[in-house]
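Working notes, beginning with the structure itself.
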Ligand SMILES: Nc1ncnc2c1ncn2[C@@H]1O[C@H](COP(=O)(O)OP(=O)(O)OP(=O)(O)O)[C@@H](O)[C@H]1O
Ligand SMILES: Nc1ncnc2c1ncn2[C@@H]1O[C@H](COP(=O)(O)OP(=O)(O)OP(=O)(O)O)[C@@H](O)[C@H]1O
Ligand SMILES: [Mg+2]
Ligand SMILES: [Mg+2]
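Protein chains in written order, with the numbering used here: chain A, 409 to 1016; chain B, 803 to 1424.
What follows is the structure, encoded as structure tokens:
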């Protein structure tokens, strides 16, 4: 589970196409059969129409202009116009179909990914950079849908054009068509070879591009730290270096690509020169007409475009399949914690909670809990204390089944957590997280997150209990006040109070407060304690706090240390036991009584 | 010039403030400054390539009129040779033009990227408070990419089309001016039709991009808030919320498709009418003997060469429209005013004393994205704040949640600008100093520390600009009482923390932030509730370590525990943005007021505890 120091290495994909991913992509595309059929028809119609146009041009020259027959010219032009209308219809059809496939695919991919993201465990989020996930749902998804819509379309159109044009050419002169048959593979082959060559460079560009995006993301998120530390210049220097690297690779890739078009064009010119040679000879023997030669030359020029497109799509295909691979890897990620078959959906969380010989480590070589045992009776209030980093938050994370213990089991009312669905569990636990997170939107929206169907009165009551009502009422817009992204428009304590109210509103069977009021002032905290007394009385609760005032009223206090429970008992008992808890609070108490002996940073001593 | 094109960037090369113009054309023109001649050369080369390509028609006419029809078959190989050499010349010119265009495109994009990056980190707090990060990221990645394509592909494409069509027209004019004129009717028509569609496309595409940015922001919040989503079992709710926005995006995407669906066939029909008309006219002229057959053949080739690109003109317009939408979205960021870092009236003294005086300071959070004092209609956060902190003093601030403690401290490094009164630092008003120097001298441990997804070592050294030795890093970590915890991790100081520090415990996060500030070694220190997630004994150890390190530095401590602030030189009690009490602990305890209430509340617990301990000690004398 180690975080890779370079999280973007994953962007590096193999030069060879992943056949499995491509196949899966094609299968996905088949979901839009109706549209696909439409665009196949549209493309074939269009190619035929284009071929016919050139052919009609030949007949206009031969049977009209050379024969001096203006009537024939007019007749052929009528035909031409008719074909043009059909062509426009085909264009409309395939744009509609391809565009719809693209949009639908994009929509479906985003939907599937988002759904999967809601199932994935927190461990996944711990180690996957947000930027990575975002890139899957935005640029990768877009790239894949562009491929299956216009990419595949262009590919199909290109192949059809070449085939149909070759057919028309054969109809005019099969000998010349044979010459073309020899030339076309060379053209296509060299175009593909060329693309293959520059693909490596584009891959570099893509990789650098993700790093640049990641850099942007980090710097925007951490902008407040950057400002307060005055890091702007060093950040800029770092970024400028990255951007310069990007400049170098993309410039190289771009000018190599700039060579591509001329190469194909020169190849086409060779073909035309061949036609001039061979066609000229054939004209001499009367095998081909002037119009025929002209048509041939036009067919060659018209073929250039499909060949160019196919080479482009080939490059696009490689990138898009790599994107698809990454999307599939997200979709296929299995949540480490998931519902077992037959897990119970309806299950009350009332009853005793047992931790039975639980071993847990976030990373294999760094065990946090070892042989952890605990039994909590229904309705009890348990306080967890201990040095920071001891594993207090970890204990409640396990109870919420955010992570799965490596060994041992956790039971509620005799029922193993694994025997109930995550939804059943989570919807009956109310948790106030150590770092509160609010969603952008109004205060009301955020409170309602606890229970969607709560009435306004219930929301107000919960806010009242959590000590949040006062400041919310003081806002000009009251409950409609926008909290900003992540709650950035509120003070830290206000955020905590709102997240507390949100949990209260959920009316849980088990209530967990992880440092829920660490940034809240004492008076408010005292009021909250009073207000919540009844709630804590009736529900099984876990309270993590460092402040004595918060924990001493708990039924039982656990001191978590060194992977297990070091001390356990009521406040009085622990004080009497004279262990960690006793030392902790005796010291705190002493400091306060003899504060002049411990001046903050000693400055008063210096001055006195 | 060459160094600029390939090598290192200089500061003045980076400045894109010039693009802040009201008219977009002017803005775009300024955007390419330094690259104009290069880009012009690129377009010229491409035009020459077009000229070479339209000369194909001349070869074909000669081939028809002078070779095939009169039967001069021995000149056939010569024709092929002409053709090849023209193609080679066209190819070479295209390549050179493309290369120069790529240089321009990549060059201006690099400049934009770097400028935008720098600009974002210079925009005021107020801006970042109001913007969605997902949106900003979207703009700086996909919109910038769209702008790159404007220069790399679309404008070049436009140049190519204009020159090919132009050259074809010119060549046609050589064949027959009348034919040329008749065939050119389509150009003004299709250009105006394209323009008509243009503004419509700009509108729907803008909507589409906006919605995509919304969706990104939503996704991003969902990821950051994953714990909350899980804790409340709100997965279905989130899915429904996402689904709504996703469906809107689908619809807007379909609108864009619908646009293309109408636009292309209409364009095709317009062009087809031109083809029919011109061909008829040309055929009539040929039959009538006004032009030679060769001319007719060459003409039909040229007609395709002129009209075909016009079809692409519509496509290019569509793309350019999209790019310009992106350009505007990026320009919106650039148009925001930076907070100047280096402008000030005086330099900060080398040895800053740290004498701070607030005189009747009031503050209102800015309403918009700019940090403009005095334009906000929001309710005031601070009112009439006056106090004096002498050099080296410790000032503590106590006050209820939301009373304005953090806001007050945010004024000192000028994260926000106060709206009334004065703040003096060493006798001069804060606004006289450059922000950068001010911030270098002030160390803030923020209430909710942010860590970067880098190693712990890099996080600790993040705020220093000199080379720091391992010893110093360890010393800072020890002072923040985090050294042992770090060593306990399998990879020690090289442990990479998860994004925003998620893989550390709350207290560990705070202590890494403290170590970071200690290493920065500021003259003025602000500890904003910096130990709220740390247990009391650890807090005490940190305090003791800081005592030595921070001797003689003016220090502000915000805390809720009386034990953390009782020993301060002066305590300010804040309530609803006003200082309601000030004094030492003893003075404040002696007078009725908030402080005493808080003190009593906290000590009543202590008193009970004392009784407990007393009884314990009596029962088991040590
Ligand atoms: N998601 C995670 N991935 C890896 N390691 C983690 C993760 N979360 C916590 N840890 C590590 O597990 C240990 C216990 O963390 P935990 O958050 O349970 O501590 P805590 O007792 O709650 O501390 P605090 O009082 O500071 O919040 C710490 O050493 C921490 O670094
Ligand atoms: N960026 C902001 N934009 C607008 N209003 C804000 C912003 N930050 C805080 N506020 C508002 O200003 C008031 C004071 O907030 P501040 O963060 O200064 O409180 P505080 O005293 O630090 O509280 P706490 O003890 O909870 O940290 C609050 O009402 C808050 O909603
Ligand atoms: Mg914790
Ligand atoms: Mg605060």
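For glycine and all other residues, C-beta sits at the position ideal for the given N, C-alpha and C.
Helix, strand or coil for residue i? Go by DSSP, reduced to three states.
i: residue 1250(B); result: coil
i: residue 675(A); result: helix
i: residue 1336(B); result: coil
i: residue 1105(B); result: helix
i: residue 1181(B); result: coil
i: residue 874(A); result: coil
i: residue 1307(B); result: coil
i: residue 1143(B); result: coil
i: residue 789(A); result: strand
i: residue 781(A); result: strand
i: residue 1291(B); result: coil
To which residues of the same chain is residue i closer than 7 Å at the C-beta, ignoring the five residues directly before and after it?
i: residue 1201(B); result: 1207, 1375, 1376, 1377
i: residue 805(B); result: Note on residue 805(B): pLDDT 34, under 50, position unreliable in the model; no value is reported.
i: residue 688(A); result: none
i: residue 1287(B); result: 1310
i: residue 1243(B); result: 1150, 1154, 1324, 1325, 1326
i: residue 982(B); result: 971, 974, 975
Determine, for residue i, whether the minimum Cβ-Cβ distance to residues of chain B falls below 8 Å.
i: residue 519(A); result: yes
i: residue 866(A); result: no
i: residue 576(A); result: no
i: residue 906(A); result: no
i: residue 797(A); result: yes
i: residue 633(A); result: yes
i: residue 465(A); result: yes
i: residue 439(A); result: no
i: residue 970(A); result: no
i: residue 724(A); result: no
i: residue 957(A); result: yes
i: residue 879(A); result: yes
Say whether chain A places a C-beta atom closer than 8 Å to the C-beta of residue i.
i: residue 1287(B); result: yes
i: residue 1381(B); result: no
i: residue 1092(B); result: no
i: residue 1000(B); result: no
i: residue 872(B); result: no
i: residue 943(B); result: yes
i: residue 1157(B); result: no
i: residue 905(B); result: yes
i: residue 1215(B); result: yes
What does a CB cutoff of less than 6 Å around residue i pick up in its chain, not counting 5 residues either side in sequence?
i: residue 422(A); result: Confidence is the limiting factor: at residue 422(A) the pLDDT is only 48, short of 50, which leaves the residue's position unreliable and the question unanswerable from this model.
i: residue 1220(B); result: 1163, 1165, 1213
Ignore the nearest five residues each way along the sequence and tell me which others in residue i's own chain have a CB closer than 8 Å to its CB.
i: residue 858(A); result: 838, 870, 909, 910, 911, 912, 913, 914
i: residue 1009(B); result: 1054, 1057
i: residue 895(B); result: 847, 848, 850, 851, 854
i: residue 900(B); result: 844, 848, 958
i: residue 928(A); result: 875, 901, 904, 905, 936
i: residue 798(A); result: 968, 969, 970
Whole-angstrom Cβ separation of residue i and residue j, contact assumed at under 8 Å?
i: residue 573(A); j: residue 710(A); result: 6 Å
i: residue 1313(B); j: residue 1350(B); result: Not really, about 17 Å apart at Cβ, beyond 8 Å.
**Message:** Runs of 3 residues minimum, wholly inside the segment 918-970 of chain B: which ones carry the beta strand (DSSP E) assignment?
**Reply:** none
**Asked** For the segment 932-973 of chain A, which segments carrying the alpha helix (DSSP H) assignment without a break, of at least 4 residues, lie completely within its bounds, in sequence order?
**Response** 956-959
**Message:** Extract the residue ranges of the beta strand (DSSP E) inside the segment 823-865 of chain A, only unbroken runs of 3 or more that lie entirely within it.
**Reply:** You should have 837-840.
**Message:** What ranges does the alpha helix (DSSP H) occupy inside the segment 1347-1416 of chain B, keeping only unbroken runs of at least 4 residues that lie completely in it?
**Reply:** If we require 4 residues or more, the alpha helix (DSSP H) runs fully inside the segment 1347-1416 of chain B come out as 1364-1367, 1387-1392.
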